[in-house]
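Student:
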């Protein structure tokens, strides 16, 4: 199961274990159980601190294959159902280390909050091995179960337990149950999970944030543009803060990135993690898991702008860089909201495995839509692409690949009019042939919406000028219509929504904000003129 390089790397990690651990497997005679037995045997062979055995009749788990990682002689354990490979292999490695005595990498404040959670909490997370958002949830809950013996967690690979996800109607990952009841869906960090369990956490955080001193530059948004702006501002030695719901933004939902210059190929979550690490390496006040609610520009020269957050806190700053990015565009038709995560989804990489062998539709014939259809064709039974225009808009190379696939149909001039369902999940969709006006229907179980992006600018109100498409209007310096307010990235009128363009615009906005501070906070008296002497050498401004 593990190649030579992976085995060598894992062996090095396992040397950090300080507490002996036991891998207790619940298996049957299936091929998946044989693979699990092989994987656990290979892991145990890498460390004298790890042993493996098969569960006895009195401890056999109902999900097979599954296995528990148990700290010998204690109640500390983490369980996986299915093979945690793909994106979840990192979750497996971390679980081995944490159960083995390596402290979870969380702040002391967060760890204390986890330990203080009262009551019994039994979590189940349904994930897929191709989901880039699932590891955050799995790793967060695993860490909580290590820190607090009243919390247990099992990560369930949906593709291995198809009957279970169908009976629970799990049509999006990650999906989390607590004590048998639905707890949450979508990406959640450990801190967000703790916040849902501890009702007083949000109020305490709002009080802490509201008491902060004003920032010289406050960046709103943690995607490529926002992260770059924070780094460039901090490098100038000025007080910098960044407010972000999550680092990476839309990048977190991007699987393959092959046009990030100098890096031939990477993945969205890896790039997002690198952005966060880079920001945190500077003197930046990071305020994560926070959503901006409104912006009030400064009333006059030298005044302070205010950014109000959803939790009630108000942050003040001499300049603000708006970099809130964009989100998936919705179809805006009957049934779409009702069946969100019940068959209507936006991430083929995350949720595609849940529709194995089923009929699905992809709405949108641009690059993202055709890439989604190609990926899904290898998993689902059949894919129908519906494109509003008379022709596909995707690159020619993608179209050639699409039309080479035997289980894909394309319908042009199709206006989707309604999502159909039985109350619990999607059963089909209605659309109109725009050429003939004829109403038609498709019977299917999944709909993947890929029709572009909408800027995250609703919170701005009338604070700055917006275009007809609700994008922030900026000039070449990133300056908005409000003095001291700058903007960058996908939330602006920049015509091309690309990572490299967002990075550059973030740098531009931060440098413009710094220039604004220099010009508006300079002393009123005349500057000191030094005595005549040799002309100073030019000083590079850096990159």
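In my numbering, the protein residues as written are 166 to 708.
Just so you know, even glycine gets a beta-carbon here, dropped at the ideal spot from N, CA and C.
Predicted model, so just to flag it, every value in this text is computed and none were measured.
1. Can you confirm whether the region 627 to 647 touches the region 513 to 529 when touching is taken to mean that 3 or more C-beta pairs between the two stretches lie within less than 8 Å?
2. Can we say the region 616 to 630 touches the region 491 to 504, given the rule of at least three CB pairs closer than 8 Å?
3. Please report how far the alpha carbon of residue 393 lies from the alpha carbon of residue 606, in whole angstroms.
4. Which whole-angstrom value is the C-beta distance of residue 450 and residue 461, which I expect to be below 8 Å?
5. Would you mind working out which of 602, 603, 611 sits nearest residue 709, comparing C-alpha positions?
6. Helix, strand or coil for residue 459, going by three-state DSSP, please let me know.
7. Would residue 416 and residue 383 be called neighbours here (beta carbons separated by less than 9 Å)?
8. In this structure, does DSSP put residue 183 in helix, strand or coil?
9. For residue 178, name the three-state secondary structure that DSSP assigns.
10. Have a look at 678, 541, 535 and flag the residue whose alpha-carbon is nearest the alpha-carbon of residue 576.
11. Pick helix, strand or coil for residue 706, following the three-state DSSP scheme.
12. Does DSSP put residue 535 in a helix, a strand or coil?
13. Run through DSSP, which three-state label would residue 504 get?
14. Would you check if there are 3 or more beta carbon pairs closer than 8 Å linking the region 214 to 221 to the region 177 to 197?
15. Taking residue 300 as part of the alpha helix (DSSP H), name the residues at either end of that continuous run.
16. Under the rule that 16 or more other beta-carbon atoms within 10 Å means buried, what is residue 568, buried or exposed?
17. Short of 8 Å in beta carbon distance, which residues of its chain neighbour residue 211, apart from the five on each side in sequence? Order them along the chain.
18. Look at the alpha carbon of residue 240 and the alpha carbon of residue 563, and state the distance between them as a whole number of angstroms.
19. Quick one: is residue 504 buried, meaning 16 or more other Cβ sit within 10 Å of its Cβ, or exposed?
20. Looking at the strands, I want to know which residues DSSP matches up with residue 481.
21. What residue range does the beta strand (DSSP E) around residue 593 cover?
22. Can you name, in chain order, every residue of its own chain whose Cβ lies under 7 Å from the Cβ of residue 582, other than the five neighbours on each side?
23. Alpha carbon to alpha carbon, how far is residue 169 from residue 501? Give it in angstroms, no decimals.
24. At which residues does the alpha helix (DSSP H) containing residue 291 begin and terminate?
25. Taking Cβ to Cβ, would you say residue 424 is nearer than 9 Å to residue 665?
26. Who does residue 253 pair with in a DSSP beta bridge?
27. When the Cα of residue 660 is compared with those of 674, 637, 677, 672, which residue comes out closest?
28. Alpha helix (DSSP H) containing residue 681: first to last residue?
29. State the CB to CB distance for the pair residue 228 and residue 358, rounded to an integer number of angstroms; the pair is presumed to be in contact (CB under 8 Å).
30. Answer yes or no: do residue 489 and residue 651 have a C-beta to C-beta separation smaller than 9 Å?
31. Rounded to whole angstroms, what is the Cα-Cα separation between residue 459 and residue 473?
32. Looking only at its own chain, which residues have a Cβ that is under 7 Å from the Cβ of residue 304, when we skip the five neighbours before and after it?
33. Identify, in the order they occur along the chain, each residue of the same chain with its Cβ nearer than 8 Å to the Cβ of residue 348, setting aside the five sequence neighbours on each side.
34. With a threshold of 6 Å on Cβ separation, who are the neighbours of residue 389 within its own chain once the five nearest residues in sequence on each side are excluded?
35. Is DSSP giving residue 689 helix, strand or coil here?
36. Provide the residue(s) that pair with residue 319 in DSSP beta bridges, ordered along the chain.
Tutor: Based on what the coordinates show:
1. No, because fewer than three Cβ pairs between the region 513 to 529 and the region 627 to 647 fall closer than 8 Å, the two stretches do not touch.
2. yes
3. 46 Å
4. About 20 Å separates the two Cβ atoms, so there is no contact after all.
5. There is no way to answer for residue 709, as the model of the chain reaches only from 166 to 708.
6. strand
7. no
8. coil
9. helix
10. 535
11. Reliability fails at residue 706, whose pLDDT of 43 lies under 50, so the model's placement of it is uncertain and the value that follows must be treated cautiously. Three-state result, residue 706: coil.
12. helix
13. coil
14. Enough Cβ pairs lie closer than 8 Å, so yes.
15. 299 to 312
16. Residue 568 comes out exposed.
17. 172, 175, 176, 179
18. 52 Å
19. buried
20. 471
21. 591 to 598
22. Answer for residue 582: 498, 595, 596, 597, listed in chain order.
23. 47 Å
24. Where residue 291 is concerned, there is no enclosing alpha helix (DSSP H), although the beta strand (DSSP E) it sits in stretches over 286 to 292.
25. Cβ atoms of residue 424 and residue 665: closer than 9 Å.
26. BP columns for residue 253 are empty, so no partner.
27. 637
28. 664 to 686
29. Not quite, the Cβ-Cβ distance comes to about 22 Å (not below 8 Å), so this is no contact.
30. Judged by beta-carbon spacing, residue 651 lies beyond the 9 Å limit of residue 489, meaning their Cβ atoms are not closer than that value.
31. 5 Å
32. Beyond the five residues adjoining it in sequence on each side, residue 304 comes within less than 7 Å, by CB distance, of 256, 259 in the same chain, given in chain order.
33. 288, 341, 342, 361
34. Excluding residues up to 5 positions away in sequence, 664, 667, 668 lie with their Cβ nearer than 6 Å to the Cβ of residue 389 in the same chain.
35. Caution is warranted here: a pLDDT of 49 is assigned to residue 689, below 50, making its placement in the model unreliable, and the coordinate value is therefore given only provisionally. If DSSP states are grouped into helix, strand and coil, residue 689 belongs with coil.
36. DSSP output for residue 319 lists 244, 289 as bridge partner(s).
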